[in-house]
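To start, the structure under review is shown below, and the notes come after it.
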């Protein structure tokens, strides 16, 4: 019976493999002892001319035995009798090559190291036999070692600190901190040359850098109790993950799982590092301001929102600053919220400010490396002590779009676009890194060093049945003035209704109804730019969604927007 070599481990447990090896070694010893005890043992392998037994039968009965380790193929190195012809060989053995002539008996039944030991004993240590081991990054964040079964390698791997056997995946695994010891242990295996296929340089650099960041999970205790009690279990896990990775991480939960709240919770844990800078799409600036005020209970005046048109202090009580103001902008609030579009204009101010905490919402807005907003935002994020990137679409299928986000978090690791592109983006002759390669490795690397991602289907049991969320939109001041004028006119009509005589009431009520309808219609038209801006953010997130609208102008505008 022959055993194929389709799998390195033959679907056997280490204990079964050990048992098979012991059986093989015992059989070798028995045959060698038998050969040494009797000089006539040669006839057991080569048929004599006087024998009536078929040579095939004689050879097969003494040389072919079952082994779970390899194919057992035996030839007698001294068998040069003319009666021993190729045509008389056992069909299982094929042909009688020079390599087989020189091979030690039953060497094929042993693991590489055992066979090599016997070979070295015959010919001396002219060249050390080779064994191969492959290291790769496991999805758990540990380093995995893959190799064909060999007791010498197993004994060596057991010397690696915290090395464990993963029986399900049939891998040896150990933490990144043991990598240098693992390399040394395998390099120093006596009598063998162990060839190690090591981690890629970029992967090695990334996991080493991640292992050096401080674990800040003890700061979780600083989270206010009223916020902590409102977090869902997976959200608590997200906050701890970011703190564990030194406060520099990519929170890539699917849209609707509360990334904003988790980021605010992390900021609350590092309150000593305030003030905080928040980069966000323009449609979400006021939404962030409202969420911060709701959860952290800080004065609204300490939340500064940079808008492009309006300058005042009456929008929800927040301090509103104008990005178009000719005077110098002072971002001295506890929380300072600006859109990606104005970062380029304010970059000098931002770089001169001491923002130790930066939150970049919808960080996939920095996917284009050549875009001005990307070029302006990345240095601001790199400078911060704590950087929290939020994105519902981490673009794992288009790795080149992740590079600038990774560079923002780990500038000393992801510093060469060609190194990254050739490894993960199917780098071509002309450097057009638009494809994807080594996809699993990149995903494992990000999960191990900087990213946490949960999908709704994964945490469905933890979610409430229904959640309502208000999104505050930034309207143009001109539209707001017109709607306010309508409200004033409506109040006048209401006053007349109360004061007028009965015969005029119906006419005034009709006028009141028309004003209310006009307020609704004009409000819908005023919201169109802000709604389309918000929908662009939702589309960018790459998730499915439904839009319900009532007024025809809004429906028409949304329809045209989607067609474009």
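Residue numbers (this note's numbering): 973 to 1536.
Note that beta-carbon positions come from the ideal geometry of N, C-alpha and C, so glycine has one too.
Counting along the chain, residue 1260 sits inside no beta strand (DSSP E); it lies in the alpha helix (DSSP H) bounded by residues 1257–1268. Counting along the chain, no beta strand (DSSP E) covers residue 1499; the unbroken alpha helix (DSSP H) around it starts and ends at 1474–1512. Within the same chain, Cβ atoms closer than 7 Å to the Cβ of residue 1367 are found at 1336, 1339, 1373, 1374, the five residues on either side in sequence being excluded. Residue 1318 places its beta carbon less than 9 Å from that of residue 1301. For residue 1291, the three-state secondary structure derived from DSSP is strand. Counting of Cβ neighbours within 10 angstroms places residue 1266 among the exposed residues, the total staying below 16. When 1309, 1261, 1177 are compared, the shortest CA-CA separation from residue 1391 is found for 1177. Residue 1240 and residue 1196 do touch by the CB rule: their CB atoms are close to 6 Å apart, below 8 Å. Per DSSP, the unbroken alpha helix (DSSP H) holding residue 1526 starts and ends at 1524–1535. When rounded, the separation of the alpha-carbon atoms in residue 1422 and residue 1363 is 13 Å.
Three or more beta-carbon pairs separated by less than 8 Å are not found between the stretch 1157–1176 and the stretch 1185–1200, which leaves the two stretches without contact. Residue 1273 sits in a helix when the DSSP states are folded into three classes. Per the coordinates, the alpha-carbon of residue 1237 lies some 39 Å from the alpha-carbon of residue 1493. In the three-state scheme derived from DSSP, where H, G and I count as helix and E and B as strand, residue 1252 is classed as strand. If one requires a minimum length of 3 residues, the beta strand (DSSP E) runs lying completely within the stretch 1352–1440 are 1358–1362, in chain order. Ranking 1328, 1342, 1343 by CA distance to the CA of residue 1352 puts 1328 first.
Secondary structure note for residue 1236: it is in no beta strand (DSSP E), and the uninterrupted alpha helix (DSSP H) holding it is 1231–1241. Nearest Cα to residue 1534 within the set 1523, 1503, 1522: 1503.
Secondary structure at residue 1143: strand, using DSSP grouped into helix, strand and coil. Residue state for residue 1115 is assigned as strand, using DSSP reduced to three classes.
Residue 1248 and residue 1480 have their C-alpha atoms roughly 52 Å apart.
When secondary structure is reduced to three states using DSSP, residue 1106 falls in the strand class.
When secondary structure is reduced to three states using DSSP, residue 1340 falls in the coil class, being assigned neither helix nor strand.
Under the rule that a run must span 3 or more residues, the beta strand (DSSP E) segments found entirely inside the stretch 1163–1239 read 1165–1169, 1220–1223. In this structure, residue 1254 sits away from residue 1451, with a CB-CB distance that is not shorter than 9 Å.
Residue 1230 is positioned such that its CB atom lies no closer than 9 Å to that of residue 1359. Looking at the DSSP output, residue 1279 bridges to 1294. The Cβ atoms of residue 1380 and residue 1361 lie closer than 9 Å to each other. Contact between residue 1279 and residue 1294 holds, with the beta-carbon distance rounding to 6 Å and staying under 8 Å.
Straight through space, the alpha carbons of residue 1139 and residue 1122 are spaced by roughly 16 Å. Here the alpha carbon of residue 1167 sits roughly 29 Å from the alpha carbon of residue 998. The three-state reading of DSSP puts residue 1335 in helix, counting H, G and I together. When the Cα atoms are used, residue 1242 and residue 1215 turn out to be separated by approximately 9 Å.
In the structure shown, residue 1330 falls within a strand segment according to DSSP collapsed to helix, strand and coil. If you draw a 10 Å sphere on the C-beta of residue 1261, you find 16 or more other C-beta atoms in it, and that means buried. Contact holds between the stretch 1108–1126 and the stretch 1403–1416, because three or more Cβ pairs, one in each stretch, are under 8 Å apart.
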